[in-house]
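> Per our numbering, the very first residue in the sequence shown carries number 2; after that it's consecutive.
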Amino acid sequence: MNVFFKIGLPWAATLGVVFFIGLELGSKKNDPNYLDSEKILVGDDNADKPINPFPTSRNPESTPVKSVIKGDRSPIKVPNEIYSPPLPPNLRRIMEDGSILERMGAYMDALRGMDINSVGEVVNAFEALPTGYGRHLEMKLLMRSWANLDPISAFNYAEKSLDAKSERRFAISEVLAGWAARDSNGAISWVKQYQARNPESKESANLMVGVVKGLAETDLTSADQFFRTLPEGNAKWQASTFLAQEYANLSTEEAIQWAENFPDKDERMKAMILGQLGSKIAQKDLQGAARWAERMPSNKASEQVMSNLLARWTSQNPQQAADWVGQIQDSEKRVKAMKLLTNKWSLRDPVATASWLNNFPPSTELDPVVSEFVNRISSRDPEGAVGWAESILGETEKERALSRALKAWDLKDPAKANEWRIANSRQLKK
């Protein structure tokens, strides 16, 4: 009995007190006011700071978190987070002072991570670069990336903030290209609305060029159809470049078929498209371009194709180009080709060009070719140009060629030019 009073009774009393305290604490934990007053210890420096359920971010109102209050296992309901990837640190400083590799690396990382919340930071970094053509690449990349997020805001920035002479039209075209590549119907619809609201706007042409460029990257047929609806003017001429580039990426025959099927009613535009395409095809398929040029009817368009073809060919293998020109069966086309080849080859190697021309006997048919050679070498070798001019058979052509060569000789060595005139019974140049 004494043992019970000495040991058992105090033990039972202790259990009762502990149970009572537990009930009291449990009731406080269930009290909503308790969450507002409870504090968490995080190291010595934060002992008195209440916990912040929203960690720092660009958009704290949208950050979902779960309660970290001890004893509370139910989540706190908040809106879903829009996560913004971190941009490179010190981005503007790098754009201002970094090496080109460091700058482009950081800038590309920023563009890849850019979202609607961080556009301002990337634009701020872009504006650290000097205005003008020197930042064109960075500008185009920014406009394309921004167009994927908010094309109208990108357009407004380009229209109001970029230099009108060196940047604006290129930027606007890039915005619309990016938009049209992603949502062609939306881009075209917006352009039409813009033009209706702003009939006198100078930016309309750049908008249409951008749409054609973007469509050409994703849907050539739609791009071609839209291109043909454009009014005559600079926009159509500029847009034709993007179409020709994309069609040239197809097979040679597919590209040629597109160009030849272009309506004849716009002869100048068709000639330009044929010439552009000839240049593009020649870059990847010289022989295919040569076969096309040879079978084309003799006109301004075929001459443009031939000119672009020979410009490319003479830079790689002029003798091969000369061999091809010499075997053209149509005499009119052959003479035009010889004149074009002389024009381009003589700038690179006048000695080799002269050697090639010496293979052909003088003839009135070749007088225009020799006259072209005289034009090209007069400034460098006026005395030699005079000698070539004398080999021209047609008197009218010869007089014109001699006059040009002698004028060039007068500038270089007037005394010798006058000696030649005296020896050849020609009037002295005053």
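Yeah, the Cβ is synthetic: ideal placement off N, Cα and C, and Gly gets one too.
#1: Using a Cβ-Cβ cut-off of 8 Å, state whether A402 counts as contacting chain B.
#2: Flag this pair as yes or no: are the beta carbons of V326 and L342 separated by less than 8 Å?
#3: Between the C-alpha atoms of E304 and A283, what's the straight-line distance to the nearest angstrom?
#4: Quick one: grab the DSSP three-state call for A111.
#5: Using a 10 Å radius around the Cβ and a threshold of 16 neighbouring Cβ atoms, would you call N47 buried or exposed?
#6: Relative to the alpha-carbon of L251, which residue among Q321, L177, A129 and G289 has its alpha-carbon at the smallest distance?
#7: Considering only the beta carbon of each residue, do R405 and V371 sit closer than 8 Å?
#8: Whole angstroms are fine: how far does the CA of A323 sit from the CA of R313?
#9: Going by DSSP in three states, P200 sits in which element: helix, strand or coil?
#10: Can you have a look at P232 and say buried or exposed, based on whether 16 or more other CB atoms are within 10 angstroms of its CB?
#11: Measuring straight from C-alpha to C-alpha, what distance separates L287 and N360?
#12: Between the region 163-178 and the region 122-130, can you find at least three pairs of beta-carbon atoms closer than 8 Å?
#13: For I378, does the count of other Cβ atoms within 10 angstroms reach 16, so buried, or fall short, so exposed?
#14: Taking the straight line between their C-alpha atoms, what separation do you get for A240 and Q258?
#15: Measuring straight from C-alpha to C-alpha, what distance separates V79 and N118?
#16: What does the alpha-carbon distance come out to for the pair V306 and A294?
#17: What is the residue span of the alpha helix (DSSP H) that L403 lies within?
#18: If you follow the alpha helix (DSSP H) that R381 is part of, which residue opens it and which one closes it?
#19: Could you tell me if S280 is buried or exposed, where buried requires 16 or more neighbouring beta carbons within 10 angstroms of its beta carbon?
#20: Tell me the DSSP secondary structure of F228 in three-state form.
#21: Rounded to whole angstroms, how far is the Cβ of W410 from the Cβ of K417, which I believe are closer than 8 Å?
#22: Among H137, P298, R198 and V192, which has the Cα closest to the Cα of S172?
#23: Rounding to the nearest angstrom, what Cα-Cα distance links P200 and L208 in this structure?
#24: Going by DSSP in three states, A390 sits in which element: helix, strand or coil?
#25: Are the beta-carbon atoms of L216 and A181 separated by less than 8 Å?
#26: Nearest to R296 by CA position, among K285, E261 and D267, is which residue?
#27: Please report the distance separating the alpha-carbon of M270 from that of G187.
#28: Take R381 as the anchor and find which of S356, D414, G395 and R198 has the nearest alpha-carbon.
#29: On the premise that E139 lies in contact with F127, defined as a C-beta separation below 8 Å, what is that separation, rounded to the nearest angstrom?
#30: For Y134, count neighbouring Cβ atoms within 10 angstroms of its own Cβ and tell me buried if that reaches 16, exposed if not.
#31: Going residue by residue through the region 242-313, where are the continuous alpha helix (DSSP H) segments of at least 4 residues, counting only ones entirely within it?
#32: Alpha carbon to alpha carbon, how far is L92 from L143?
#33: For Q277 versus T222, is the C-beta spacing smaller than 8 Å?
#34: Quick one: what does DSSP say I423 is sitting in, helix, strand or coil?
The short version:
#1: Protein chain content of the structure displayed is limited to a single chain, and chain B is not contained in it.
#2: Position 325 of the sequence shown, counted from the start, is the residue given in the question as residue 326. Position 341 of the sequence shown, counted from the start, is the residue given in the question as residue 342. Yes, Cβ-Cβ distance for V326 and L342 is below 8 Å.
#3: Here residue 304 refers to the residue found at position 303 of the sequence shown. Here residue 283 refers to the residue found at position 282 of the sequence shown. So the two alpha carbons sit approximately 14 Å from each other.
#4: The residue labelled residue 111 in the question sits at position 110 within the sequence shown. Reduced to three states, the DSSP call for A111 is helix.
#5: Position 46 of the sequence shown, counting from 1, holds the residue named residue 47. Only weak support exists for where N47 lies, its pLDDT of 40 falling under 50; the value from the coordinates is given anyway. Exposed, since its Cβ has fewer than 16 Cβ neighbours within 10 Å.
#6: Indexing the sequence shown from 1 puts residue 251 at position 250. Residue G289 is the option with its Cα nearest to L251.
#7: Stepping through the sequence shown from its first residue, residue 405 is reached at position 404. Stepping through the sequence shown from its first residue, residue 371 is reached at position 370. Their beta carbons are not under 8 Å apart, which means R405 does not touch V371 by this criterion.
#8: As a first step, residue 313 must be located in the sequence shown, where it is residue number 312. As a first step, residue 323 must be located in the sequence shown, where it is residue number 322. Computed Cα separation, rounded: 13 Å.
#9: Translated into the one-based positions of the sequence shown, residue 200 becomes position 199. In the three-state reduction of the DSSP assignment, P200 falls in the coil class.
#10: Locating residue 232 in the sequence shown gives position 231, where the first residue counts as 1. The residue in question, P232, is exposed, as its Cβ has fewer than 16 Cβ neighbours within 10 Å.
#11: By one-based count along the sequence shown, residue 287 stands at place 286. By one-based count along the sequence shown, residue 360 stands at place 359. Those two C-alpha atoms are separated by around 25 Å.
#12: no
#13: Taking the sequence shown and counting its residues from 1, the one referred to as residue 378 is at position 377. Note on I378: 16 or more other CB atoms within 10 angstroms of its CB, so buried under the neighbour-count rule.
#14: On the sequence shown, position 239 is the one that residue 240 refers to. On the sequence shown, position 257 is the one that residue 258 refers to. Roughly 19 Å between the two C-alpha positions.
#15: Here residue 79 refers to the residue found at position 78 when the sequence shown is read from its first residue. Here residue 118 refers to the residue found at position 117 when the sequence shown is read from its first residue. Bear in mind that a pLDDT of 42 at V79, under 50, signals an unreliable position, so the model cannot answer this.
#16: In the sequence shown, counting from the first residue as 1, residue 306 sits at position 305. In the sequence shown, counting from the first residue as 1, residue 294 sits at position 293. Distance between the alpha carbons of V306 and A294 is about 6 Å.
#17: The count along the sequence shown starts at 1 and reaches residue 403 at position 402. Where L403 is concerned, the enclosing alpha helix (DSSP H) stretches over E396 to K413.
#18: In the sequence shown, counting from the first residue as 1, residue 381 sits at position 380. Note, R381: premise wrong, no alpha helix (DSSP H); not H, not E.
#19: On the sequence shown, residue 280 is found 279 positions in, with the first residue counted as 1. Buried is the call here.
#20: Within the sequence shown, residue 228 is the residue found at index 227, counting from 1. Correct three-state label for F228: helix.
#21: Position 409 of the sequence shown holds residue 410. Position 416 of the sequence shown holds residue 417. At roughly 7 Å, the Cβ-Cβ gap stays under 8 Å, so W410 and K417 are in contact.
#22: Taking the sequence shown and counting its residues from 1, one reaches residue 172 at position 171. It should be noted that the sequence gives Ala, not Ser, for residue 172. Comparing alpha carbon positions, the residue from H137, P298, R198 and V192 closest to A172 is H137.
#23: Here residue 200 is taken as the residue at index 199 of the sequence shown, counted from 1. Here residue 208 is taken as the residue at index 207 of the sequence shown, counted from 1. Those two C-alpha atoms are separated by around 13 Å.
#24: Position 389 of the sequence shown, counting from 1, holds the residue named residue 390. If DSSP states are grouped into helix, strand and coil, A390 belongs with the helices.
#25: Here the question's residue 216 lines up with position 215 in the sequence shown. Here the question's residue 181 lines up with position 180 in the sequence shown. Yes, these two residues count as a Cβ contact at 8 Å.
#26: Taking the first residue of the sequence shown as 1, we reach residue 296 at position 295. Checked all of K285, E261 and D267; the closest Cα to R296 is E261.
#27: Reading the sequence shown from its first residue, position 269 is the one you call residue 270. Reading the sequence shown from its first residue, position 186 is the one you call residue 187. It is roughly 28 Å from the alpha-carbon of M270 to the alpha-carbon of G187.
#28: Taking the first residue of the sequence shown as position 1, residue 381 is located at position 380. Comparing Cα-Cα distances from R381 to each of S356, D414, G395 and R198, the minimum goes to D414.
#29: Looking up residue 127 in the sequence shown gives position 126. Looking up residue 139 in the sequence shown gives position 138. About 6 Å; that satisfies the 8 Å criterion.
#30: Here residue 134 refers to the residue found at position 133 when the sequence shown is read from its first residue. Burial call: exposed.
#31: The region 242-313 contains these whole alpha helix (DSSP H) runs: 253-261, 268-285 and 287-296.
#32: The sequence position of residue 92 within the sequence shown is 91, counting from 1. The sequence position of residue 143 within the sequence shown is 142, counting from 1. Computed Cα separation, rounded: 14 Å.
#33: For the purposes of this step, residue 277 is identified with residue 276 of the sequence shown, where counting begins at 1. For the purposes of this step, residue 222 is identified with residue 221 of the sequence shown, where counting begins at 1. Going by C-beta atoms, Q277 is not nearer than 8 Å to T222.
#34: The residue you call residue 423 lines up with position 422 of the sequence shown. It is helical.
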